[in-house]
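Report on the structure given below.
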Amino acid sequence: MSVQPGWPIARKLTLFLAAIVALLALVSWGMVTSFAREAAGRTQDNILAASATSIAETLRSEGGQVRLELPYAAFSMLGAISEDRVFYRVAAGDDVLTGYADLDGPNVTPGEPSFATLPYRDMNVRAVSVMRVILADGEAVPITVTLAQTRGGVQGIAAGLSRQAAYLSVAVFLLAVGMSAFAVRASLRPLNTMAQHVSTRGPSDLRPLRRRGPPELMPLVRALNRLMDRLEGSIKRSEDFIAEAAHRVRTPLAIVRTQAEIALHSVEEEAQKQTLRRVIRAVDDSSRSASQLLDHAMVSFRADDLARERVNLPALAEGVADALRPTAEMKDIDIALAMSPAEVEGDAILIQNALRNVLDNAIKYSPAETIVRISVGNGGGEARIAVSDEGPGFGEEPAAHLTERFKRGDKVEGVVGSGLGLTIAEEALSAHGGRLELGRNLEGGGACVSLILPAA
Amino acid sequence: MRFLLVEDNAELADSVVQRLGLDGHAVDHAATLSDAEAHLEVADYDLILLDVMLPDGDGRDFLARSRDRINTPVIVLTARSQISDRVGALDQGADDYITKPFDFSELEARCRAVLRRRGGLARNEITLGAAVFEPNAGTLRHGDAVMELRNREIRLLEVFARNPGHILSKSQLMDRLFSHDEDVTENAIEVYVGRLRRKLDGVGVRIETVRGAGYRMSL
Ligand SMILES: Nc1ncnc2c1ncn2[C@@H]1O[C@H](COP(=O)(O)OP(=O)(O)O)[C@@H](O)[C@H]1O
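Just so you know, the sequences run in chain order E and L.
Residue numbers for the first sequence follow this note's numbering, so the first one is 3 and each next one is one higher.
Residue numbers for the second sequence follow this note's numbering, so the first one is 299 and each next one is one higher.
The following block contains the structure:
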């Protein structure tokens, strides 16, 4: 099952936070810049106004003449700001008393200074006009003092402040992005841990998740647990169903077989005995086929999601041999074990099932009073369980096709079988990256079937 | 041997009781787990044959519950063939399992194997002339000599020993010795009878050939 990954949440969140931080940084930079410009402008205005006022203060009338002394201090105050150029004009109405005749100030009323930013001689200047009314010869003469200064200094200060603000904003931005990336990762950690916790579980581990976590994850945890619950329930139900179905089918078969055996004891006529034997054989045949079909389904199912545990092959072989020994004994067949240590990684039940089918064949195809040998060993990176018997063997025919589903050999007359045993074994092995080898038993002349698995 | 069969299907239970009876075993039948407990309280058994699916519970749970109280060996009768199921039963304390439908000779072989493993094999001696035959141990003692018999020899000698003086047909003996999927001729019986004759040499017991009818053991 493939999952198309979308945008990772971490990246999305980080980018989103970065965008917000960038916007905030930009806004704050703009505000600082405009404040700086305004503050610098206001300072200039104040100085200009003070200077113009102090010039106006020196106005007086002398014998009907308006006189003026330009105070040095007024200009030195202006010079304090920067290297900017200063222009002035003192006029009574339209008569220019002194200064730059072409300097036009803003309109002004007595008492209040008025300001304006004007173009002057290809420059941008800030100008202030102050009006003072002087009595000359008993006549009130309104005198306008206009003072102007270029704006280089003010702009310089504003630009400097703005640059500082920009540096600061960038620094804050970078810091904030870094911190949000960290914060995002930290808050996503429970999610990652949970994902890891779920994905490292074994295929059949359906226990509920019990991890503590942030409340935001709880709906997910609960949903997962519910899902696992339902899954477990449906697996259990289908297992129960299979068990129940098998029970229903096999119990009547067992009745038939038992009754046939009882009848076989009491009937005298050979023809009737033959019939009963045939019944028993058919029951055995169908029972065996049913088992192998189920086993086959189980192997395919387990192979899809292979368990990976350490499997000790000698112990496993011994268990399987013990389970089949009574069957072998019925034919006076001895099962001989030759073990050396071998370990593989995989699903013990699958390997057991593979060996069981192979050993079952060996017993089935062997004549009475022979020996079936199981050897377990390790070599060349491979673990090997070899089962050899003294039966008819595979003959000259190519044996490879015998592992195909429902394929039986040509020497099987009289032997019950479904043709699934080797298929099951081969499937179980190849799920582990191993294989089945069908060969000849060099000592006894029968078959030698090897289960080969990559050694752990 | 004395069996307790725990099986809810009455028809199957009846047949199994009857069939085991043919081999001279005594079988009590319990249809439920509580029935089984009641039986176990009043009687001793050599072996319990336990179905896993019973009306009042799972046979495996019963095993897990009672393993430390009941020391009788248990063979589980399962309808499922999956190894995982079998392994489950063995883990829960069964001594062995057998899949329904089962071959009674195999059931008997498994019972013997379990009892041998548990060391609980009752002594069951049959005197044959000057020798003592112990089917459970698979030995024939004659004076100081102890002869080991193979599985088929044991089964064959057992049939003869239990039916002294009766004529047993070849086909009867074959049903006893060979599984129904084996292709064997009646000559195969002669081989085994020949061997038994050699082993019984000097014991004072004879297996005679009855022309056209079969064999008879006379003490
Ligand atoms: N030990 C063996 N000796 C001889 N032939 C064997 C042996 N094992 C398997 N075969 C051959 O391989 C065929 C396929 O085996 P399998 O898949 O187990 O099916 P079956 O149920 O027929 O035994 C058998 O029919 C038989 O011809």
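Quick reminder that beta carbons are idealized off the backbone N, C-alpha and C, glycines included.
Residues that residue i contacts on chain L, provided the C-beta gap is smaller than 7 Å
i                     : result
residue 328 (chain E) : 404, 407, 408, 411
residue 266 (chain E) : 473
residue 263 (chain E) : 317, 402
Interface partners of residue i on chain L, CB under 8 Å
i                     : result
residue 349 (chain E) : Here the premise fails: no neighbours, minimum Cβ distance about 10 Å.
Short CB-CB distance (under 9 Å) between residue i and chain E
i                     : result
residue 461 (chain L) : no
residue 314 (chain L) : yes
residue 432 (chain L) : no
residue 438 (chain L) : no
residue 496 (chain L) : no
residue 455 (chain L) : no
residue 377 (chain L) : yes
residue 307 (chain L) : yes
residue 333 (chain L) : no
residue 366 (chain L) : no
residue 442 (chain L) : no
residue 499 (chain L) : no
Neighbouring residues, chain E, relative to residue i (Cβ below 9 Å)
i                     : result
residue 310 (chain L) : 253, 254, 256, 257, 260
residue 398 (chain L) : 248, 249, 252, 253, 255, 256, 259, 289
residue 485 (chain L) : Within chain E, no residue comes near residue 485 (chain L); the closest Cβ sits about 13 Å away, beyond 9 Å.
Which listed residue (the options) has its alpha carbon closest to that of residue i
i                     : options                    : result
residue 278 (chain E) : E:458, E:260, E:124        : E:260
residue 325 (chain L) : L:336, L:347, L:332        : L:347
residue 425 (chain L) : L:516, L:333, L:323        : L:516
residue 120 (chain E) : E:148, E:360, E:70         : E:148
residue 339 (chain E) : E:350, E:457, E:326, E:208 : E:326
residue 435 (chain E) : E:369, E:20, E:10, E:346   : E:346
residue 479 (chain E) : E:122, E:156, E:174, E:146 : Not covered by the structure: residue 479 (chain E). The range shown for chain E is 3 to 458.
residue 329 (chain E) : E:360, E:454, E:183, E:366 : E:366
residue 453 (chain E) : E:410, E:405, E:115        : E:405
residue 340 (chain L) : L:417, L:399, L:302        : L:302
residue 269 (chain E) : L:506, L:473, L:481        : L:473
residue 317 (chain E) : E:333, E:357, E:305, E:76  : E:357
residue 408 (chain L) : L:373, L:465, L:390        : L:373
residue 118 (chain E) : E:152, E:422, E:312        : E:152
residue 262 (chain E) : L:508, L:493, L:478        : L:478
residue 501 (chain L) : L:458, L:428, L:305        : L:428
residue 397 (chain E) : E:449, E:184, E:361, E:364 : E:449
residue 457 (chain E) : E:425, E:430, E:386        : E:386
residue 238 (chain E) : E:168, E:286, E:208, E:376 : E:208
residue 414 (chain L) : L:432, L:461, L:440, L:397 : L:432
7 Å Cβ cut-off: residues of chain E touching residue i
i                     : result
residue 393 (chain L) : Neighbours of residue 393 (chain L) on chain E: none; closest Cβ ~11 Å, over 7 Å.
residue 469 (chain L) : 272, 275
residue 478 (chain L) : 279, 282, 283, 286
residue 449 (chain L) : 331, 332, 334
Any chain L beta carbon closer than 9 Å to residue i
i                     : result
residue 331 (chain E) : yes
residue 417 (chain E) : yes
residue 245 (chain E) : yes
residue 182 (chain E) : no
residue 463 (chain E) : No answer is possible for residue 463 (chain E): the residues shown for chain E start at 3 and end at 458.
residue 370 (chain E) : yes
residue 338 (chain E) : no
residue 364 (chain E) : no
residue 323 (chain E) : no
Any C-beta of chain C under 9 Å from that of residue i
i                     : result
residue 359 (chain L) : Of the protein chains in this structure, namely E and L, none is chain C.
To test your reading of the DSSP string, which unbroken beta strand (DSSP E) runs of 3 or more residues are found completely within the stretch 429 to 513 of chain L? Runs of the beta strand (DSSP E) lying entirely within the stretch 429 to 513 of chain L and spanning at least 3 residues, in chain order: 429 to 432, 437 to 440, 443 to 446, 504 to 508.
Between the stretch 271 to 284 of chain E and chain L, which residues of the former have CB atoms less than 7 Å from a CB of the latter, in chain order? Of all residues in the stretch 271 to 284 of chain E, the ones placed with a Cβ closer than 7 Å to any Cβ belonging to chain L are 272, 275, 279, 282, 283, in chain order.
Can you give me, in chain order, the residues of the stretch 340 to 355 of chain L that have a beta carbon less than 7 Å from any beta carbon in chain E? Those would be 351, in chain order.
Can you check the stretch 249 to 333 of chain E for any alpha helix (DSSP H) of at least 4 residues that lies completely inside it and give the ranges in chain order? Complete alpha helix (DSSP H) runs here, min 4: 272 to 306, 315 to 332.
Which ranges would you report for the alpha helix (DSSP H) in the stretch 159 to 208 of chain E if only whole runs of at least 4 residues count? Fully enclosed alpha helix (DSSP H) runs of no fewer than 4 residues are not present anywhere in the stretch 159 to 208 of chain E.
Curious, which full-length beta strand (DSSP E) runs of at least 3 residues does the stretch 317 to 398 of chain L contain? With a minimum length of 3 residues, the continuous beta strand (DSSP E) runs that stay inside the stretch 317 to 398 of chain L are 324 to 328, 345 to 349, 372 to 376, 394 to 397.
Ranges of the beta strand (DSSP E) found wholly within the stretch 346 to 398 of chain E, counting only runs of at least 3: Runs of the beta strand (DSSP E) inside the stretch 346 to 398 of chain E: 373 to 381, 384 to 390.
Please name the residues in the stretch 316 to 327 of chain L whose beta-carbon is closer than 8 Å to at least one beta-carbon of chain E, in chain order. Taking 8 Å as the Cβ-Cβ cut-off against chain E, the residues of the stretch 316 to 327 of chain L that qualify are 316, 317, 320.
Mind pulling the alpha helix (DSSP H) runs of 4 or more residues that sit fully within the stretch 103 to 152 of chain E? Those alpha helix (DSSP H) runs which fall completely within the stretch 103 to 152 of chain E and span 4+ residues do not exist here.
For the stretch 404 to 453 of chain E, list the beta strand (DSSP E) runs that are entirely contained and at least 3 residues long, ordered along the chain. Complete beta strand (DSSP E) runs here, min 3: 437 to 442.
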